[in-house]
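A.B. asks: Protein chains in written order, with our numbering: chain A, 1 to 205; chain B, 206 to 410. Okay, handing you the structure first.
2 protein chains.
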Amino acid sequence: MSFAIPQQRLGVLMVVSGPSGTGKTTLCRKLCGEGEAVFSVSCTTRAPRPGEVDGKDYFFLSDEDFVARIERGEFFEHAHVHGRRYGTLKSYVIDNLSRGIDVLMDIDVQGAQQVRTCEDEIIQRCLVEVFVLPPSVEELKQRLSGRGTESSESLDLRLGNAIAEMKHWPDYDYALVSGTRELDYARFKSLLISQRMRAELLNKE
Amino acid sequence: MSFAIPQQRLGVLMVVSGPSGTGKTTLCRKLCGEGEAVFSVSCTTRAPRPGEVDGKDYFFLSDEDFVARIERGEFFEHAHVHGRRYGTLKSYVIDNLSRGIDVLMDIDVQGAQQVRTCEDEIIQRCLVEVFVLPPSVEELKQRLSGRGTESSESLDLRLGNAIAEMKHWPDYDYALVSGTRELDYARFKSLLISQRMRAELLNKE
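And the structure:
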């Protein structure tokens with residue numbers, strides 16, 4: 001009988017966006033800390049800070065090397081922020097996905113937009129995009145002002161930026177509206193667990 | 206600021222298929238038993254068995270009524286099996302989904318095919334399809350023969366039917382390859398939990 005149950009799968013590429021104050025980074029760190037997925041290691045042209053390890057925190061590249069890689073189309077998302085370059089290498093992500101390792105990318109809406117329009121077949125098969133939202137705008141404002149160290153103008157600016165970013169949530173596959181820390185994590189993890197069962201990731205021979 | 210976090214959602218319509226011997230029915234019953242979703246109540250023209258309750262086990266309809274409803278396009282999947290009719294009313298499913306109630310349908314590949322091609326917008330927004338597979342064909346054979354009460358011809362027939370059905374798993378969104386009972390349920394539940402966060406189900410005004 002020429003039928004076999006699929007025994008192997010590609011990894012899940014989980015792109016996570018959302019403003020700070022939603023607990024997004026904590027969710028990502030915890031999931032990777034439990035060994036459920038690997039964090040995507042980005043490249044940067046900024047200098048390593050004390051304690052940062054090349055290949056773990058970032059791949060530290062020279063500006064020349066970075067630009068050459070852009071020209072060769074090696075990045076599938078990159079940005080230029082305050083004179084420093086940041087980007088994710090396709091090869092790094094694809095190598096992991098091909099081996100069935102799930103990859104988490106914590107990136108902003110512009111980065112997610114670049115990943116979404118990437119034409120690589122394996123990326124498109126493995127990609128799932130999640131936006132983490134606060135329970136309400138009022139609650140986000142309170143969380144952002146929690147540190148209490150900044151002027152109301154600075155707070156208004158940060159809140160305005162967060163709202164501009166949040167308007168993009170309908171472009172994502174999933175939106176996690178933050179509630180309690182425990183519930184958020186259970187729901188976040190369920191996203192990864194369930195994505196592993198996506199038919200597209202399973203071998204079909 | 207004209208931005209609001211989504212507070213309401215449509216229900217998830219989770220269609221579940223797979224051969225017997227995979228634990229599929231147990232998974233569905235447990236999820237509904239925990240109050241996470243409601244089982245889709247089908248219509249039938251067969252007579253109620255002792256203890257069966259109209260509107261709970263089935264909606265019991267006369268053949269005349271059933272046929273009239275087919276003609277009015279009220280079913281989004283129906284079948285004629287051994288002279289009896291079975292089907293699911295669109296109105297029943299859509300009413301639940303509109304109120305944010307998740308609906309589980311345990312149907313075969315033909316029924317799922319009918320749901321998949323249904324043109325109703327709310328059905329298409331809410332639909333997710335899951336196929337439950339055994340760990341291996343060999344294991345399925347053992348599970349099917351576990352009762353030990355049938356001839357090898359009858360077993361071969363059932364196994365052949367199961368394989369014919371299983372060949373349709375790539376048409377589904379997700380495939381759950383059965384392992385242990387506990388793990389299967391955790392993964393099955395994670396599918397529903399995560400689908401509730403699908404951006405398409407959230408209000409976008």
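Note that the Cβ used here is the ideal one computed from N, Cα and C, for glycine as well. Predicted model only: the values in this text are computed from it and were never measured.
I'd like to know whether the C-beta atoms of Val314 of chain B and Val298 of chain B end up nearer to each other than 7 Å.
C.D. replies: Contact flag unset, no.
A.B. asks: Can you name, in chain order, every residue of its own chain whose Cβ lies under 8 Å from the Cβ of Arg304 of chain B, other than the five neighbours on each side?
C.D. replies: Result list for Arg304 of chain B: Gly216, in chain order.
A.B. asks: Can you round the beta-carbon distance between Ile176 of chain A and Ala37 of chain A to whole angstroms, since I take them to be within the 8 Å contact cut?
C.D. replies: It is Leu, not Ile, that sits at residue 176 of chain A in the sequence shown. No, Leu176 of chain A and Ala37 of chain A are not in contact; Cβ-Cβ is about 16 Å, not under 8 Å.
A.B. asks: Is it true that the CB of Val333 of chain B sits closer than 7 Å to the CB of Gln400 of chain B?
C.D. replies: Their beta carbons are under 7 Å apart, which means Gln400 of chain B touches Val333 of chain B by this criterion.
A.B. asks: Give the residues from the segment 376-410 of chain B that approach chain A closer than 7 Å (Cβ to any Cβ), ordered along the chain.
C.D. replies: Flagged, chain order: Tyr377, Asp378, Tyr379, Ala380, Leu381, Val382, Arg392, Ser395, Leu396, Ile398, Ser399, Met402, Arg403, Ala404, Leu407, Lys409.
A.B. asks: Would you check if the distance between the CB atom of Cys323 of chain B and the CB atom of Leu302 of chain B is smaller than 7 Å?
C.D. replies: Cβ distance not < 7 Å, so Cys323 of chain B and Leu302 of chain B don't count as in contact.
A.B. asks: Using a beta-carbon distance cut-off of less than 8 Å, what residues from the segment 36-47 of chain A approach chain B?
C.D. replies: For the segment 36-47 of chain A, which is checked against every Cβ of chain B, not one residue is closer than 8 Å.
A.B. asks: Roughly how many angstroms separate the alpha carbons of Asn203 of chain A and Asp378 of chain B, rounded to a whole number?
C.D. replies: Those two C-alpha atoms are separated by around 14 Å.
A.B. asks: When you compare the CB of Ile299 of chain B with every CB in chain A, is at least one pair closer than 7 Å?
C.D. replies: Judged by the 7 Å Cβ criterion, Ile299 of chain B is not in contact with chain A.
A.B. asks: Could you name each continuous alpha helix (DSSP H) segment of 4 residues or more that falls completely within the segment 110-149 of chain A, going from the start of the chain to the end?
C.D. replies: Entirely contained in the segment 110-149 of chain A, the alpha helix (DSSP H) runs reaching 4 residues are, in chain order, 121-126, 137-144.
A.B. asks: Would you check whether the ligand FAD has a heavy atom nearer than 6 Å to the C-beta of Gln347 of chain B?
C.D. replies: The ligand FAD is absent from the structure shown, which contains no ligand whatsoever.
A.B. asks: Please confirm if Ile327 of chain B has its CB atom under 7 Å from at least one CB of chain A.
C.D. replies: Chain A, which has no Cβ nearer than 7 Å to the Cβ of Ile327 of chain B, makes this no.
A.B. asks: Does the CB of Ile107 of chain A have a neighbour CB from chain B at under 7 Å?
C.D. replies: Taking Cβ atoms only, chain B never reaches closer than 7 Å to Ile107 of chain A, which makes this a no.
A.B. asks: Name, please, each residue of chain A whose Cβ falls closer than 7 Å to the Cβ of Ser341 of chain B.
C.D. replies: Ile5, listed in chain order.
A.B. asks: Evaluate contact between the segment 20-35 of chain A and the segment 52-60 of chain A, counting only Cβ atoms and requiring at least three cross-stretch pairs below 8 Å.
C.D. replies: The segment 20-35 of chain A is not in contact with the segment 52-60 of chain A.
A.B. asks: Run the CB neighbour count on Arg386 of chain B, radius 10 Å, all protein chains shown included, and call it buried at 16 or more, exposed below.
C.D. replies: It is exposed - the Cβ of Arg386 of chain B has fewer than 16 other Cβ atoms within 10 Å.
A.B. asks: Which residues mark the beginning and the end of the alpha helix (DSSP H) in which Ala391 of chain B is found?
C.D. replies: 386-400 is the span of the alpha helix (DSSP H), which, as asked, contains Ala391 of chain B.
A.B. asks: Tell me whether the beta-carbon of Thr22 of chain A lies closer than 7 Å to the beta-carbon of Pro134 of chain A.
C.D. replies: Result yes, Cβ atoms of Thr22 of chain A and Pro134 of chain A sit closer than 7 Å.
A.B. asks: Exposed or buried, which one is Ser230 of chain A when buried takes at least 16 other CB atoms within 10 Å?
C.D. replies: Chain A is shown only over 1 to 205; residue 230 of chain A falls outside these bounds and no answer can be derived.
A.B. asks: Check whether the segment 218-226 of chain B touches the segment 359-376 of chain B, taking contact to mean three or more Cβ pairs, one atom from each stretch, closer than 8 Å.
C.D. replies: These segments touch.
A.B. asks: In the DSSP assignment, what residue or residues form a beta bridge with Cys43 of chain A?
C.D. replies: The partner list for Cys43 of chain A (beta bridge, DSSP) reads A:Phe59, A:Gly87.
A.B. asks: From this set, B:Leu406, B:Gly384, B:Ala404, which residue's C-alpha is nearest Met197 of chain A's C-alpha?
C.D. replies: Checking every option, the nearest Cα to that of Met197 of chain A belongs to B:Gly384.
A.B. asks: Could you check whether the Cβ of Leu232 of chain B sits closer than 7 Å to any Cβ belonging to chain A?
C.D. replies: False, the Cβ-Cβ gap to chain A never drops below 7 Å.
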